[in-house]
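Peer 1: The sequence shown begins at 436 in the numbering used here and counts up by one.
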Amino acid sequence: MKTILVPIDLSATTASVCEAAAALAKGLSGKLVFLHVVQPPVITSDYGIAIENLEELVAVSEKTASTQLANFREKYRTDGVVIETVQLTGAPAPLILDQAQHLNVDYIVMGSHGHTPLYDLLVGTTTHGVLKKAKCPVVIVPAEEKKPQRK
436 MKTILVPIDL
446 SATTASVCEA
456 AAALAKGLSG
466 KLVFLHVVQP
476 PVITSDYGIA
486 IENLEELVAV
496 SEKTASTQLA
506 NFREKYRTDG
516 VVIETVQLTG
526 APAPLILDQA
536 QHLNVDYIVM
546 GSHGHTPLYD
556 LLVGTTTHGV
566 LKKAKCPVVI
576 VPAEEKKPQR
586 K
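Here it is as structure tokens:
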């Protein structure tokens, strides 16, 4: 059975990433491992939020993510796909790569958000970090383009 790691950030692209991963899993008689990494906020000044508030923010994020992961697990389990979920807290790219190695995955399926090149240059992307160091094939699901509204 092939193992497919699916890092999801619970953004608008998550549904299309999960659909693509589920299709791959069905074709390979594989197993999906949905992974969500809660990234703690970065404090950039001495006037940042208090540590208690930081811990509370992370706890709320973790609880919300846990609920959403359970929803995705149930949705795709009904399609006959074997599903596991993993939730971690920290820096996404290194944790995704660690899980890929730990689980000995055959594929990683993740989304691309379509940020501008300037944003990617200044901030970097999780997808780029995973692509650079992954030891297995990485399938990138492109962000859906927003269609202009007709008036």
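We treat Cβ as the ideally placed atom computed from N, Cα and C, and that holds for glycine.
(1) Can you tell which of Ala-455, Leu-467, Pro-442 has the C-alpha that lies nearest to the C-alpha of Met-436?
(2) For the stretch 560-576 against the stretch 503-519, do three or more pairs of beta-carbon atoms, one drawn from each stretch, fall closer than 8 Å, so that the two count as touching?
(3) Report the residue ranges of all alpha helix (DSSP H) runs contained in full by the stretch 498-545; include only those spanning at least 4 residues, in chain order.
(4) With a CB to CB cut of under 6 Å and the five nearest residues on each side skipped, what residues in its chain are close to Leu-463?
(5) Out of Pro-577, Val-516, Leu-470, point me to the one whose CA is closest to Asp-533's CA.
(6) Secondary structure at Lys-466, three-state DSSP: helix, strand or coil?
Peer 2: Judging by the given coordinates:
(1) Residue 436 sits at position 1 when you count from the first residue of the sequence shown. Of the candidates Ala-455, Leu-467, Pro-442, the one whose C-alpha sits nearest the C-alpha of Met-436 is Leu-467.
(2) no
(3) 527-538
(4) Looking up residue 463 in the sequence shown gives position 28. Result list for Leu-463: Lys-437, in chain order.
(5) Translated into the one-based positions of the sequence shown, residue 533 becomes position 98. Looking at the Cα atoms, Leu-470 is the closest of the given residues.
(6) Here residue 466 is taken as the residue at index 31 of the sequence shown, counted from 1. Here Lys-466 sits in strand by DSSP.
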